[in-house]
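S.K.:
In this note's numbering, the protein residues as written are 9 to 91.
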């Protein structure tokens with residue numbers, strides 16, 4: 009497994025975790041009482057933005073610097089890497 013694939017999966021996992029934290033904040037807002045041991049619902053949003061930005065940067069980084077956009081079965085960049 010290549011490093012760019014691992015970073016891409018970490019970006020997806022970070023983004024999903026950030027979205028779950030935001031969902032927890034929305035549920036905490038509508039419940040109005042303590043939710044999952046957190047009294048103030050905005051604490052979920054405070055943490056979620058870090059995970060969302062990490063996910064965005066991992067996805068953009070792998071798209072721009074690691075992944076090849078060749079549509080053919082044989083990548084034309086493999087020959088340059090082998091030289």
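Built from N, CA and C at the ideal position, the CB exists for glycine as well. From a predicted model like this one, the values you see are computed outputs, not experimental measurements.
Do you know how far the Cα of residue 66 is from the Cα of residue 32?
M.R.: Cα to Cα, residue 32 sits roughly 23 Å from residue 66.
S.K.: For residue 60, collect the residues of the same chain with a Cβ closer than 7 Å to its Cβ; drop the 5 residues on either side in sequence, then sort them by chain order.
M.R.: For residue 60, where only same-chain residues beyond five positions count, the Cβ hits under 7 Å are 23 and 26.
S.K.: Thinking just about the alpha-carbon of each residue, which of 13, 68 and 28 is nearest to the one in residue 54?
M.R.: Considering only alpha carbons, the answer is 28.
S.K.: Starting from the Cα of residue 34, find the closest Cα among 18, 49, 21 and 20 and give me that residue.
M.R.: Selected option, being the one with the closest Cα: 49.
S.K.: Please classify residue 37: is it buried, with 16 or more other beta-carbons within 10 angstroms of its beta-carbon, or exposed?
M.R.: Result: exposed.
S.K.: Which class does residue 15 belong to by DSSP, given the choice of helix, strand or coil?
M.R.: Residue 15 falls in the helix class under three-state DSSP.
S.K.: Taking 7 Å as the limit between beta carbons, can you name the residues of its chain near residue 8, skipping five residues before and five after?
M.R.: The structure shown does not extend to residue 8, since the chain is modelled only from 9 to 91, so the question has no answer here.
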